[in-house]
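Some notes on the structure that comes next.
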Amino acid sequence: FFFKQWLFSIHSDGNNSDLDVSDNDDPILDGNYQPSPQEESSSEHSSDDEDPIPEPTDHSADNGSLIEKVEEPEGLSLGSLVIERLCQTLHRGTKVYCDRFFTTIKGAQRMMEKELYMTGTIMKNRLAEAKHKLPSDKAMKNAGRGTSSEVSAEDGKLCVVKWYDNKPVLLMSVVHGTQPEDTCQHWDKKVKQYVTVSRPSIVREYNIKMGGVDLMDRMISYYRMSTRTKKWTMRMVMHFTDLALANSWLLYRKDHAICAGPKTRPIQFLQFRMEVAKILLAQHHGADADLSTQSEEEEDSNQGVKRHVTELPHVSVRRRANAHLPEMIGLKNAMRCRQLGCTGRTR
């Protein structure tokens, strides 16, 4: 309830009737945002995915101002324009990895002019004449798993690799090719065991760089916030909250493996989200409650009715108010300690 109320206050801060995405001054959503030197990425790699923000199917909005803002005369597709916009703040020489929605030959050539080097899966209908120079799916299937073929541009600055595993995969890159190949273990349904499969260099690098993005998308999809609303501000905030929770849990799991050791297991993602929710709720509810008020309420309640056991507050808010301090109270019946594993009683 408090989270929805907070979202509503965010949406109500401005003029809702004439609000448009293009009028937003938020630097996170502004395409013309220029980062400070401290914010500039120092990483050599960048990964992009099309993880969508859920929208109701009957939602309609006038995006004319947005279309005018991103239209450019190069004839690039929408995915290429998005990549170009997102890469405006990257250093020269950065390697960009993206999936097939963003990968085009014209887009890769455009990025090379800015000294940004793309690698990613690509759709068959975007390969132009290159797809006719590659072997057919049937021929590669007959050759067996791990078969690969490479086609390069005339200037040698761009290549397309077709690799057959369970099914054919097309990848395009300006920095990686087939060599050097390595091997990986993949499950074979026919023999019901792992088999060794040859893997091109471009596939290995793509899996390493994009694996984290795919994992994050999968974790978000498990427990995504959902609500019936047409307010784009609420959908954006909920999506960014899901994104922050998924990334936080992945970082927590990585730190837990280093600090806690293999004997203790990290908490599951759902429990992690519930812990965060409890902390946020504790900011507004029950923070100033004291033991005397709680004791009087419990004493006045029906003795024959089983009372609900109050959950132990989270450690981050347990000592915020005075409820954790010892207090002399008069009770007819002793109260059981709420500490996990403790069976003691107290008056």
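Counting from 3, one number per residue, gives the positions in the sequence shown under this note's numbering.
We put the beta carbon where it would ideally sit given N, CA and C, even for glycine.
Computed from a predicted model, the values in this text were never measured in an experiment.
Around the C-beta of residue i, are 16 or more other C-beta atoms found within 10 angstroms, so that it is buried, or is it exposed?
i	result
residue 204	buried
residue 321	exposed
residue 212	buried
residue 113	buried
residue 400	The requested residue 400 does not occur in the structure, where the chain is confined to residues 3 to 349.
residue 333	exposed
residue 223	exposed
residue 182	exposed
residue 128	buried
residue 180	buried
residue 266	exposed
residue 347	exposed
residue 335	exposed
Distance, Cα to Cα, residue i vs residue j?
i	j	result
residue 259	residue 273	17 Å
residue 158	residue 232	49 Å
residue 207	residue 234	36 Å
residue 126	residue 215	23 Å
residue 315	residue 163	56 Å
residue 130	residue 160	14 Å
residue 156	residue 97	22 Å
residue 75	residue 117	Residue confidence is low: residue 75 scores 48 on pLDDT, short of 50, so the model does not pin down where it sits. No coordinate-derived value is stated.
residue 188	residue 168	9 Å
residue 317	residue 327	14 Å
residue 136	residue 241	40 Å
residue 92	residue 100	15 Å
residue 190	residue 263	33 Å
residue 236	residue 246	15 Å
residue 269	residue 337	30 Å
residue 134	residue 254	47 Å
residue 226	residue 142	39 Å
residue 243	residue 228	12 Å
residue 345	residue 210	50 Å
residue 175	residue 95	14 Å
residue 275	residue 282	11 Å
residue 343	residue 331	24 Å
residue 115	residue 313	60 Å
residue 146	residue 195	16 Å
residue 257	residue 144	45 Å
residue 339	residue 261	30 Å
residue 111	residue 90	16 Å
Can you give the beta carbon distance from residue i to residue j, rounded, assuming they're within the 8 Å contact cut?
i	j	result
residue 148	residue 199	4 Å
residue 123	residue 88	17 Å between Cβ atoms; not a contact.
residue 284	residue 319	4 Å
DSSP has residue i in a bridge; who is on the other side?
i	result
residue 170	166
residue 270	Note: residue 270 sits in no beta bridge, so no partner.
residue 89	DSSP output for residue 89 lists no bridge partner at all.
residue 82	According to DSSP, residue 82 bridges with nothing at all.
residue 188	197
residue 161	154 and 175
Please list, in chain order, all residues of the same chain as residue i whose beta carbon is under 8 Å from its beta carbon, the five residues on each side excluded.
i	result
residue 109	78, 79, 81, 82, 85, 86 and 120
residue 221	248, 251, 252 and 271
residue 106	78, 79, 81, 82, 124 and 128
By Cβ distance below 6 Å, which residues in the same chain neighbour residue i in space, the five residues on each side in sequence not counted?
i	result
residue 218	248
residue 154	161
residue 201	184 and 186
residue 341	none
residue 197	190
residue 165	150, 171, 202 and 205
Excluding the 5 residues flanking residue i on each side, which residues of the same chain have their C-beta closer than 7 Å to its C-beta?
i	result
residue 132	153 and 162
residue 139	170
residue 277	316
residue 102	122, 123, 124 and 125
residue 178	121, 203, 204 and 207
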